[in-house]
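Residue numbers (our numbering), protein chains in the order written: chain P, 1 to 815; chain B, 816 to 902.
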């Protein structure tokens, strides 16, 4: 029996292990192969980097490959995990090997433990290999970054001996280069004519078709965007900006699409041979740069239609500037093309230096020329130069280019001139774009654009909507500018598409700042999910309220409660889904909530108590929207019950926001809780000696005859008091709707006056003591009165003085 | 109310952006993991009962008992009795 008990599980376990062994031996072997393959790849790349450290593009490619290798290494490491877990749990099941002195375990168990330990050791070794490889991969990635930085600096600081460029052999080399160029082009043309004639025709036709579609279709579609109205004397700043921006961007995009289509189609039909393809690409770049700069300068200076220009530059110098800039772009472009040609024909260094030198000096001279142009006009119309800072900037850049080229820093000069033209053009476009986006976001400006006017005609969009649309448009334009132009600038400054791809990858997978890992894509996803959830909730709320509950004749109070609760519940759910979509672990939430609860206990006590009170109000419904309530000193109509506070509108139309906790913790009077029935009281006094029975009769009559006073409960007249001055009566009448109370009270009072007058019943009024009119007192304005008094005294004195001499003259003068 | 919710949301976002693998030491004595991440090897010391987040973009880890593992960055490692388990 014991034997069976001991032996049976062994057999079962052996069964369980064997198939696993069969499949997982495979995993180890497979991953070993993968890791070895990756190691081999790594070796090749390392050699490539050591050998060809001069090639920038190669380095970027290597870097991308290294990153893939790093990921694959991690992947194959992770692939071991199921097997490792299996082995670990099995070893645990087998227990530790028997210590010395204990009875030996069955051989089967010992063997199995041995096999498992060996396999685990093997996996550990492989994982160690993968780990070492991944360290190497990252080391190489760092090496590449250093190499690329060094490459860039050596490129900029390398000095050539210009003597080489002007030695006798240069003439021959140039001639040789042109000969070679001619030969390769003509041989290609022959090849094309003989073998690829139809293909070239088709490709050219298709590319032309695409260009025509872009040209005419684009014009039709976007005509409004970049049409300059010649008759418009004073177009708005916004329309000038947007015309400039779009009339630069759209045709440039069209041209680039056309060029790319041509080259792509030629490639597709195998028309291009290696060197010619590169040359054609170069030509395309030249055309594009020149076209782009021409469009841009045209857009800014607009020499043909001065009303549409962006800078107040006169038409004549404007035309000149357009030409100068286009020529500069052409020169830079040709320099680039020549570089491409030299590379494909592997021409001697002296030729490369010579043409870069010429190009750099030309660009420098053009810059100085641009600086000397007098583009503005003063009040008398005399030409005025650029502002000094700008002028000296042009001179300085021109001088830097020329002098550095002459000193032999040709690469640096080339780099500077290229940056001036291309980065300058791109930045200028971006700046115009930003300006136009800012202008469009300004209040009321979007409504005046062509799109805005059309929207208004078709949909009757209102002002605020336009403002929001303008804002959205401006954000869109900004994003577009950054997305299109930033990569272009980065390419100019030595970054490669591979770099940008790496950054985007980092952005998608998240990057680390300190101990925080941060993934913008995930967070944006979370926000989008939250927004969708929010709008779904709003829609559901509207549907429930408008379609279901309105049809079901549900009471407004209940409707309001359900609506609010559904809204908050939906919001909470959307927030939770959004947070988990953002990749945030909800269990961390508990931690935060735990921390917050202390804060809630103290600081947010009021908010929470109001919140809970709000929920109670929604559930219990002591009043609903539209009720007339009295809470403490506030009396008015309930407008809205929110979760934190309730909005009450008093009859003076003052809105009072009452925290919900006050409505829960103290007494609230509701005039219209179950029904709107209510009682009004009108008091009246009659003189002693009047016929009180007659009075009672009249009052009851008046109350009964009023159409709004209910018959049941019937109105009642109370002989209330033997007052000090009158016999006091009180009419008590019930109304179906207490909201009409004031009107009814008014009617009744008028009716009482009329009826008493008719019946000769006096209404006594307490005789009041009538104050006698006040005697003229000392006037309130003391100083003025004093001054008047003083003047009066003076006048009296003067009169007296005038009178005196006459009297005195009779007396002899003592002197 | 909206603003309050937004503020709470921002708080949660700010406090929670650390995601990656996490390691919990359930033992009563400190344990050390050797983490190879991005080309550098570091020793990650875990005090008793401490939880640490690390390894956002994948890494290799050597456990206290000498076992090696590769992590993608979403795992939880639990150390108890000197033995690490991945969950």
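All residues carry an ideal CB built from backbone N, CA and C; glycine is no exception.
Per DSSP, residue 719(P) is not a residue of any alpha helix (DSSP H); the beta strand (DSSP E) it occupies stretches across 716 to 722. Setting aside the 5 residues that flank it on each side, residue 730(P) is surrounded in the same chain by 681, 683, 718, 720, each with a C-beta closer than 6 Å to its C-beta; the list follows chain order.
Across the set 690(P), 572(P), 142(P), 563(P), the C-alpha of 572(P) shows the shortest separation from the C-alpha of residue 531(P).
Using a 10 angstroms sphere on the CB of residue 856(B), the tally of other CB atoms stays under 16, which defines it as exposed.
Residue ranges of uninterrupted alpha helix (DSSP H) with 4 or more members, entirely inside the stretch 550 to 599 of chain P and ordered along the chain, are 556 to 581. For residue 80(P), the three-state secondary structure derived from DSSP is coil. Taking a cut-off of 8 Å for Cβ pairs, the stretch 371 to 387 of chain P and the stretch 310 to 328 of chain P touch, as three or more such pairs fall below it.
Using a CB distance cut-off of 7 Å, residue 864(B) does not count as an interface residue toward chain P. In this structure, the CA atom of residue 333(P) is about 7 Å from the CA atom of residue 290(P). With respect to residue 292(P), residue 322(P) sits apart: the two C-beta atoms are not nearer than 7 Å.
Beta bridge pairing from DSSP links residue 384(P) with 376(P). With distances taken between CA atoms, residue 251(P) lies nearest to 218(P) out of 218(P), 503(P), 337(P), 463(P).
If you draw a 10 Å sphere on the C-beta of residue 335(P), you find 16 or more other C-beta atoms in it, and that means buried. Three or more Cβ pairs closer than 8 Å define a contact, and the stretch 735 to 743 of chain P meets that threshold against the stretch 668 to 680 of chain P. When the beta-carbon positions are compared, residue 861(B) and residue 840(B) come within less than 7 Å of each other. Listed in chain order, the non-local C-beta contacts of residue 526(P) below 7 Å within the same chain comprise 578, 579, 581, 582, local neighbours out to five positions each way being set aside. Note: residue 837(B) is bridge-paired with 868(B), 891(B) in the DSSP secondary-structure output.
For residue 645(P), the enclosing beta strand (DSSP E) has its first and last residue at 645 to 650. Listed along chain B, the residues sitting closer than 8 Å to residue 127(P) by beta-carbon distance are 875, 883, 884, 885. Residue 851(B) belongs to the set of residues whose beta carbon lies under 7 Å from a beta carbon in chain P. Straight-line measurement puts the Cα of residue 894(B) at about 25 Å from the Cα of residue 854(B). Residues of chain P whose Cβ lies closer than 9 Å to the Cβ of residue 839(B) do not exist, since the nearest Cβ in that chain is about 12 Å away. Think of a sphere of 8 Å around the beta carbon of residue 134(P): the chain B residues whose beta carbon falls inside it are 851, 854, 875, in chain order. A distance below 8 Å between beta-carbons, with the five flanking residues on each side excluded, links residue 32(P) to the following residues of its chain, in chain order: 126.
Not a single C-beta of chain B is nearer than 7 Å to the C-beta of residue 697(P). With distances taken between CA atoms, residue 347(P) lies nearest to 179(P) out of 784(P), 587(P), 179(P), 305(P). Residue 734(P) sits in a strand when the DSSP states are folded into three classes. With a cut-off of 8 Å on Cβ pairs, the stretch 193 to 202 of chain P is not in contact with the stretch 227 to 245 of chain P, counting fewer than three such pairs. Annotation: residue 740(P) is outside any beta strand (DSSP E) and is labelled neither H nor E by DSSP. Following the DSSP letters along the chain, one finds residue 670(P) inside the beta strand (DSSP E) bounded by residues 668 to 670.
Apart from sequence neighbours up to five positions away, the residues of its chain that approach residue 655(P) with a beta-carbon distance below 8 Å are 639, 647, 648, 649, ordered along the chain. Following the DSSP letters along the chain, one finds residue 860(B) inside the beta strand (DSSP E) bounded by residues 855 to 861. Counting only residues of its own chain and dropping the five nearest sequence neighbours on each side, residue 306(P) has a CB closer than 7 Å to the CB of 315. Of the residues 358(P), 477(P), 724(P), the one whose Cα lies closest to the Cα of residue 328(P) is 358(P). Chain-order list of chain B residues neighbouring residue 142(P): 854, by C-beta distance under 8 Å.
In this chain, the alpha helix (DSSP H) harbouring residue 619(P) covers 605 to 620.
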